[in-house]
Each structure stands twice: as structure tokens, then as C-alpha cells.
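Going by the UniProt record's numbering, the first residue of the sequence shown is number 1, and it counts up by one from there. Working notes, beginning with the structure itself.
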Amino acid sequence: MLGNRIVKVSLQNQLVYVQEGNRTIFVAACTVGKAGHPTPKGVFQVVSKSVKKRSHSYGFWVKGNDIRPTENPLQPPPGGNWQYVGYPMPYWIEFSPGYGFHEGFVWSSPRTHGCVRLHGRTAIEFFNLVNVGTKIIIQDSFPEDQTLGRHIRRPKDELVPDPPAQFMISDEAFEKPWEF
């Protein structure tokens, strides 16, 4: 039944819906793109999926135990011998070049570089509900926001400290849901 599933993303309400025919089978809070890095609006489809994906746009410069966050993977810090390690984006579902759904912290306000982040086990569940080719509609709002979306629990990830940089550069970031 995966062929007749549609994903809807409400940007204003930061919600993701999966519908199968006329039934909604999944609703979850998400975080979307912040000012200057908006999540693109339009009609898309899933073009690829990967359980283990790292960002090519932002991450960390690493030299031994020195780990520095960066949004410029082309400009290493002075001193040579730095290795770039992209930010982990577990359960990646790409819908446009450089844009996708992935596991990450879900804040109450837009916070991403344009991707759609889903919390912990929710990201895994969503990953298993969609296939390459699944239709995705991203727009400001949907009628479901006023009914199904009104009662969705929002994680309070902005209250949780960032995970240690050592965790973010390791494979451990892909081994279990981020539920700190």
C-alpha cells in the first residue's frame, strides 16, 4: 500500500502528516527551516533514502581531540591536518538536492538549514512509512492542522543540552535514536 501514500508538511505549524488514501496514518511534530534557510515549498517526491547520512554543508573540523563546529566545510582552521566530518542526519529521506527529512532535535520554532527534522523514534517510524517515489507536498498550512494537528505532543528539545561533539562525529550518532 506504499504507492498511494502522500506526505504533507505544514510549515506554519511544523507538522508532518502521512496519508494513505483518505486516512491519516501518521502525524508528528517537526522542525523546519529558519529565516534565511527556508524549507522549500512545492510538490516533490522522495528521491533517495539512507539510514546513515552526513551533511556536506555543515559539520565539524576535527584534529585529534580538537573538534570545531563549522558551516564552511571548504575552509579548514589554520594549522593543517584537519578532517571534515559532516553533521549526522540519521534516517535521511531526500526530496530535493540538499533537502530532506532526518532525525534531529525538534524545536518549537524554525531552526534548520531547510531540512525537516523529526524526533528520535518518530524519524525511524516515518522512514519506514515512505519509499522512493512517495509524493510530498510542502506548504504553509493544511486543514488537518486545525483537527489532527491540534493535539500533537511537541518534544521540548530546545531544553536539552546539545550532545557532545565527540558523539556527533562518531558512528554512535547513527546507532540509536537521539533521545537525551
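Glycine residues also receive a C-beta, built at the ideal position from the N, C-alpha and C atoms.
If you draw a straight line from the C-alpha of residue i to the C-alpha of residue j, how long is it?
i, j, result
"V160", "Q83", "28 Å"
"K63", "N81", "7 Å"
"V132", "D66", "38 Å"
"E20", "S141", "19 Å"
"W61", "P88", "14 Å"
"N72", "T122", "30 Å"
Closer than 7 Å by C-beta to residue i: which residues in its own chain qualify, once you throw out the five before and the five after it? Chain order, please.
i, result
"H113", "G33, H37, S57, Y58"
"V116", "V9, V16, C30, V32, T39, F101"
Under 8 Å, do residue i and residue j count as touching if we go by C-beta distance?
i, j, result
"A35", "H119", "no"
"R68", "P77", "yes"
"I138", "K41", "yes"
"P129", "R5", "According to the sequence displayed, residue 129 carries Leu and not Pro. A contact, by the Cβ cut-off of 8 Å."
"S48", "E94", "yes"
"I136", "Q12", "no"
"S108", "E158", "yes"
Along the alpha helix (DSSP H) that carries residue i, what are the first and last residues, could you check?
i, result
"F142", "Neither: F142 is in no alpha helix (DSSP H) and is coded neither H nor E."
"F167", "165-168"
For residue i, which residues of its own chain have a beta-carbon under 6 Å away from its beta-carbon, when the five flanking residues on both sides are left out?
i, result
"W92", "S50, K53, G100, H102"
"F126", "L118"
message: What ranges does the beta strand (DSSP E) occupy inside the UniProt domain "L,D-TPase catalytic" (5-139), keeping only unbroken runs of at least 3 residues that lie completely in it?
response: 5-10, 15-20, 23-29, 42-45, 48-50, 54-63, 66-70, 83-88, 92-96, 99-103, 116-118, 135-139
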